[in-house]
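Notes for the one structure printed next.
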């Protein structure tokens, strides 16, 4: 057995909510450079700023950024990223079990349809809370600053929120909401449903116990499925959120221009860093989440114990 043992008392919704947000922030801290590399590769070839530096592969992209923009460049947008995870992962992951129970008729088993509905619901709910943080995160990750003398669009995270709202209106902070809802509903279904099913099968067939190896295998499978399914929507979302006003009429227009100008393979630009990031993120997040739930329940039970 590895890690804390499962609690005899099921974790409360509050424990899941807080645990998911904290675990997601920890996962973001470790994998953020991969996410930045993914964004740079996704927008490459779209505009002059993106053409100023040619990126090749995940490691090549990160090394080019460090060489041309400084060692801190892979972590551009980290503050907005952490804000996003606290408001986003807490909802889509922390509330998944509760919503799944809501969709489950009394006396029946939780089938695949119930899990998909729960994944879509919490994914869409999470986007409505976290959309502005996602826009700001991508703007920072996509911005290219070659040296201290170059112009900076935003002086900081809070300045980015204010500047976008002032220059593009409040709607600017909600730019790309539709593709983001689509992307995150798909990703949430792929991640949560795949993790749920793999973990359930591993435990039911007694292949693994409910601990680290089981969580690792389930999370890795969830990350791979999520990347394959959601990559096309993710690329469109990134391009549309990062675009200046007027470049694309709508997410659909962005998709059509990508196909006509770059071909269908453009939808899988940045696939490798997407998989490395989602795979690593899922492993770190789910393993940490499972342990945090147990630790928080242990603390709660100790506080409520009369002895």
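Numbering (UniProt numbering), first residue to last: 1 to 307. Beta carbons are placed, not taken as given, at the ideal position from N, Cα and C, and that holds for glycine. It should be emphasised that the depicted structure is a prediction, and the values quoted were computed from it without experimental measurement.
Residue i - DSSP class collapsed to helix/strand/coil
i, result
"residue 210", "coil"
"residue 281", "helix"
"residue 77", "coil"
"residue 289", "helix"
"residue 49", "Low confidence applies to residue 49: its pLDDT is 48, below 50, so where it sits in the model is not reliable enough to give any reading."
"residue 93", "coil"
"residue 178", "helix"
"residue 300", "helix"
"residue 237", "helix"
"residue 246", "coil"
"residue 156", "coil"
"residue 7", "coil"
"residue 108", "coil"
"residue 183", "helix"
"residue 221", "helix"
"residue 72", "coil"
"residue 100", "helix"
"residue 85", "helix"
"residue 295", "helix"
"residue 189", "helix"
CB contact flag (residue i, residue j, <8 Å)
i, j, result
"residue 82", "residue 280", "no"
"residue 182", "residue 233", "yes"
"residue 195", "residue 20", "no"
"residue 38", "residue 277", "yes"
"residue 64", "residue 75", "no"
"residue 193", "residue 26", "no"
"residue 3", "residue 212", "yes"
"residue 42", "residue 269", "yes"
"residue 144", "residue 161", "no"
"residue 127", "residue 190", "no"
"residue 163", "residue 98", "no"
"residue 122", "residue 78", "no"
"residue 91", "residue 120", "no"
"residue 124", "residue 242", "no"
"residue 298", "residue 11", "no"
"residue 227", "residue 274", "yes"
"residue 207", "residue 18", "no"
"residue 231", "residue 267", "yes"
"residue 237", "residue 176", "yes"
"residue 222", "residue 282", "yes"
"residue 40", "residue 68", "no"
"residue 24", "residue 101", "no"
"residue 301", "residue 9", "yes"
Extent of the continuous alpha helix (DSSP H) to which residue i belongs
i, result
"residue 115", "112 to 142"
"residue 21", "13 to 43"
"residue 254", "251 to 262"
"residue 171", "170 to 173"
"residue 202", "194 to 204"
"residue 68", "57 to 69"
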